[in-house]
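Going letter by letter, the sequence shown gives residues 1 to 328 in full-length UniProt numbering.
Heads up, the thing below is written out as structure tokens.
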Amino acid sequence: MAQSPTAQVPTTEIDDDPDGRARFDELIAADSRIEPRDWMPAAYRKNLVRQISQHAHSEIIGMQPEANWISRAPSLKRKAILMAKVQDEAGHGLYLYSAAQTLGTPRDEMFQALVDGRARYSSIFNYPTLGWADMGAIGWLVDGAAICNQVPLCRASYGPYARAMVRICKEESFHQRQGFEILLELMHGTPAQRAMAQDAVDRWYAPSLMMFGPPDEESVNSQQSMAWNIKRFSNDDLRQRFVDMLVPQAEALGVTLPDPDLRFDEATGHWAYGELDWHEFQEVLGGRGPCNTQRLAHRRAAFEDGAWVREAAAAYARKQADAAEQAA
Ligand SMILES: [Fe+2]
Ligand SMILES: [Fe+2]
């Protein structure tokens with residue numbers, strides 16, 4: 001498809017524009033929105049491009065583990081729901097690439113950074129989907145964690161990002177419900193189906209908790225993002241909120257959360273959870289997870305296979321423009 005034109009925004013900012021800075025500080029202090037044409041510090045712009053493009057890549061790469069099961073869904077209804085869900089994720093990626101483009105970074109550049117392994121995406125999508133119950137566990141846990149992360153982003157200080165998140169969050173809620181419902185149905189099924197559901201939860205639970213990023217004391221970008229009203233809660237706060245939400249839902253499902261240290265802490269009023277394997281997280285993030293190579297190779301191949309569509313769209317656009325010119 002033809003690429004949309006990149007907004008004419010400078011990618012390097014003169015950081016000593018006193019009026020611009022005063023206005024920016026004022027907007028942030030008032031918890032107001034920064035829009036593409038507003039002056040913004042170069043570091044704010046850079047931080048947003050990193051976060052939004054990383055988020056866009058996660059949506060697009062995140063289509064792969066589930067698309068893997070579209071052709072093997074157990075019924076027509078399940079197939080239709082899963083297809084709709086995977087298409088939603090493509091839409092989320094497109095909203096987010098568009099939001100990042102308003103900051104002056106061309107989409108081609110973001111794509112190249114992804115396939116070259118220079119840009120990151122959520123580590124969760126480098127785990128394999130081994131069975132149908134994984135579709136349930138992904139919807140319930142992965143989309144569930146995404147909602148916890150993303151609802152506060154609807155109030156992010158950068159306007160185009162915040163507005164994209166509002167639409168995305170509505171769809172993520174549907175994704176989580178469909179995942180929960182898949183697991184619920186399996187948990188009401190045969191012993192083999194219940195075992196399949198539990199096995200999927202066992203494999204996706206810890207990686208979904210790691211989706212909130214490293215513990216607060218190791219999170220390098222968090223402090224600044226919070227000062228700029230991009231991020232509203234710390235990684236650990238969001239993770240805690242997620243665990244507190246999961247425990248009653250796991251009980252309703254009849255699945256066991258695979259953490260022997262999980263216990264209710266009367267003093268804090270929260271569910272305390274066990275240590276996560278941060279070494280594994282860093283390995284997967286560093287490109288050494290079970291499916292990293294496969295995910296990027298697939299993305300690259302999909303882009304190359306789609307070259308004829310982009311060429312055809314560009315030729316059609318040229319033809320239309322020529323016709324309009326002749327008619328004028
Ligand atoms: Fe999404
Ligand atoms: Fe989703």
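For glycine and all other residues, C-beta sits at the position ideal for the given N, C-alpha and C.
Please state if the CB of residue j and the CB of residue i are separated by a distance shorter than 8 angstroms.
i	j	result
L276	A206	yes
N215	N229	For the sequence presented, residue 215 should be read as Pro rather than Asn. Not in contact: P215 and N229 (Cβ atoms no closer than 8 angstroms).
E59	L96	yes
M196	G269	no
M187	L103	no
I182	G139	yes
E35	G189	no
residue 340	K85	Beyond the ends of the chain as shown, which are 1 and 328, falls residue 340; an answer cannot be given.
W204	A137	yes
Q198	V284	no
Taking 7 angstroms as the limit between beta carbons, can you name the residues of its chain near residue i, skipping five residues before and five after?
i	result
I81	Q178
K79	I70, A73
R155	A162, R232
G20	W39
R239	L209, F212
L296	V115, G117
A164	Y95, L96, A99
Q193	L186
K319	none
N68	T129
L184	L253
Y44	W228
Could you check what DSSP says for residue i in three-state terms: helix, strand or coil?
i	result
A327	helix
F303	helix
H270	strand
residue 331	Beyond the ends of the chain as shown, which are 1 and 328, falls residue 331; an answer cannot be given.
R21	helix
R37	coil
T127	The sequence shown places Tyr at residue 127, rather than the Thr named in the question. Looking at Y127 - three-state DSSP - the assignment turns out to be coil, as it is neither helix nor strand.
F212	coil
Y158	strand
F233	coil
D261	coil
N47	helix
W308	helix
Y121	coil
C148	helix
G139	helix
D16	coil
V255	coil
A7	For A7, the pLDDT reaches just 43, beneath the cut-off of 50, and the residue's location in the model is therefore unreliable, although a value from the coordinates is still provided. A7 falls in the coil class under three-state DSSP.
H188	coil
V86	helix
E275	coil
Rank the options by C-alpha distance to the C-alpha of residue i and give the top, closest one.
i	options	result
Q112	Q54, K319, H175	Q54
I61	A302, R33, G20, P160	A302
Q176	I147, P191, W308	I147
P290	T129, F212, D31	T129
D16	D31, A42, S32	A42
R300	D116, E266, A22	D116
R33	E283, I168, G306, S157	S157
Q101	A56, Q198, A67, E66	A56
F281	D237, A312, Y127	Y127
E109	V49, A22, V255, V166	V49
M135	V220, H92, M63, D261	M63
K170	D88, P191, R107, V220	D88
R263	E218, V243, W278	V243
E218	W278, M226, A323, T293	W278
Could you pull out every residue in the same chain whose Cβ sits closer than 6 angstroms to the Cβ of residue i, ignoring the five residues on either side in sequence?
i	result
W232	This sequence places Arg at residue 232; Trp is not what is there. Correct list, in chain order: P152.
V247	W271
D202	P258
A250	L257
F180	W140
H92	E59, I168
Which residues in the same chain as residue i place their Cβ atom closer than 8 angstroms to its Cβ, once the five residues preceding and following it in sequence are excluded?
i	result
M211	S122, S123, I124, V142, A145, A146, N149
D265	W271, A272
L27	R33, I34, D38, S157
P260	G274
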